[in-house]
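Asker:
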Amino acid sequence: LSRDSATVLTKSHGLGNDYLVADPAELPFEVTPARVRLVCDRHLGVGSDGLLVLDGALRLRIFNPDGSEAEKSGNGLRIFARWLFDTGRAPSEHFTIHTRGGDAAVAIENTSGRARQVSVDMGQPRFRDDLTVLELDGARYPVVAVSIGNPHCVILRGQLDVAELRRLGPRVEHHAAFPN
Numbered sequence: 626l627s628r629d630s631a632t633v634l635t636k637s638h639g640l641g642n643d644y645l646v647a648d649p650a651e652l653p654f655e656v657t658p659a660r661v662r663l664v665c666d667r668h669l670g671v672g673s674d675g676l677l678v679l680d681g682a683l684r685l686r687i688f689n690p691d692g693s694e695a696e697k698s699g700n701g702l703r704i705f706a707r708w709l710f711d712t713g714r715a716p717s718e719h720f721t722i723h724t725r726g727g728d729a730a731v732a733i734e735n736t737s738g739r740a741r742q743v744s745v746d747m748g749q750p751r752f753r754d755d756l757t758v759l760e761l762d763g764a765r766y767p768v769v770a771v772s773i774g775n776p777h778c779v780i781l782r783g784q785l786d787v788a789e790l791r792r793l794g795p796r797v798e799h800h801a802a803f804p805n
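The numbering used here applies: residue 626 is where the sequence shown begins, and numbers increase by one.
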């Protein structure tokens, strides 16, 4: 990663997620999993929760910080839509962004030609009826598995336990029930 790379990357955040946004035609490097890991690294690179890459007209590729590709991200879509609008790449204040997880309609509220607020229609949630209990570390947890273009697993608890969250989160993320 060179000093010139930072001039073609835009860093933005939405509700706590920070993403880098880029047009690969302007990058001095090829977008590969290894490069994504480096640029997203908070110590060796710019640091971010992922890289949002323009992939043709109004098409988005979302890379996780580990270099894998994600299907859809609400915060990522809002960041990307704002970047498209603010850089003159959006056709209007209302347009559709195409992702691996499906299309998302976007509405921009602008002030003086700059996006002030961005709304994204993530589509209808799809619930998995086949998955209501998840076994983790020998314990069974009732879950709600839902996708809005990207998989989510909700474990209902009476009270938030941060230690439990940190212990279970990676196990849920890498569970065989969620291959993506």
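Idealized CB from N, CA, C, for every residue including glycine.
Please determine, among G726, V678 and D666, the residue with the shortest C-alpha to C-alpha distance to V646.
Answerer: When only C-alpha atoms are compared, the closest one is V678.
Asker: Whole-angstrom Cβ separation of F688 and E696, contact assumed at under 8 Å?
Answerer: So it is not a contact: roughly 12 Å between Cβ atoms.
Asker: Taking the alpha-carbon positions, what's the L781 to A770 distance?
Answerer: The straight-line gap from Cα to Cα measures roughly 11 Å.
Asker: In whole angstroms, give me the CA-to-CA distance for G639 and T757.
Answerer: Between G639 and T757, the C-alpha separation is close to 30 Å.
Asker: Would you mind stating whether V661 and L634 have Cβ atoms separated by less than 9 Å?
Answerer: Cβ atoms of V661 and L634: not closer than 9 Å.
Asker: Suppose you measure from the CA of R703 to the CA of L761; what does that come to, to the nearest Å?
Answerer: About 33 Å.
Asker: Can you pull the DSSP bridge partners for N735?
Answerer: N735 is bridged to A740.
Asker: Report the option in L793, S717, F803 and F705 whose CA atom is closest to the CA atom of K636.
Answerer: Closest option to K636, Cα to Cα, is F705.
Asker: In angstroms, rounded to a whole number, what distance separates the CA positions of Y644 and H668?
Answerer: Rounded to the nearest angstrom, the two C-alpha atoms are 15 Å apart.
Asker: With distance defined between alpha-carbon atoms, name the residue in D674, G692 and D680 nearest to A659.
Answerer: Nearest option by C-alpha distance: G692.
Asker: When the Cα atoms are used, what is the spatial distance from C778 to G748?
Answerer: The straight-line gap from Cα to Cα measures roughly 17 Å.
Asker: Span of the beta strand (DSSP E) holding I780?
Answerer: That run of the beta strand (DSSP E) goes P776 to I780.
Asker: In angstroms, rounded to a whole number, what distance separates the CA positions of V768 and H799?
Answerer: Roughly 15 Å separates the two Cα atoms.
Asker: Based on Cα-Cα distance, which residue from G726, A715 and N642 lies nearest to R739?
Answerer: The option with the nearest alpha carbon to R739 is A715.
Asker: Just how far apart, CA to CA, sit I722 and D728?
Answerer: I722 and D728: Cα-Cα distance of roughly 6 Å.
Asker: Contact check, G726 vs G774 under 8 Å by CB: the rounded distance?
Answerer: Yes, they are in contact, since the Cβ atoms of G726 and G774 sit about 3 Å apart, within 8 Å.
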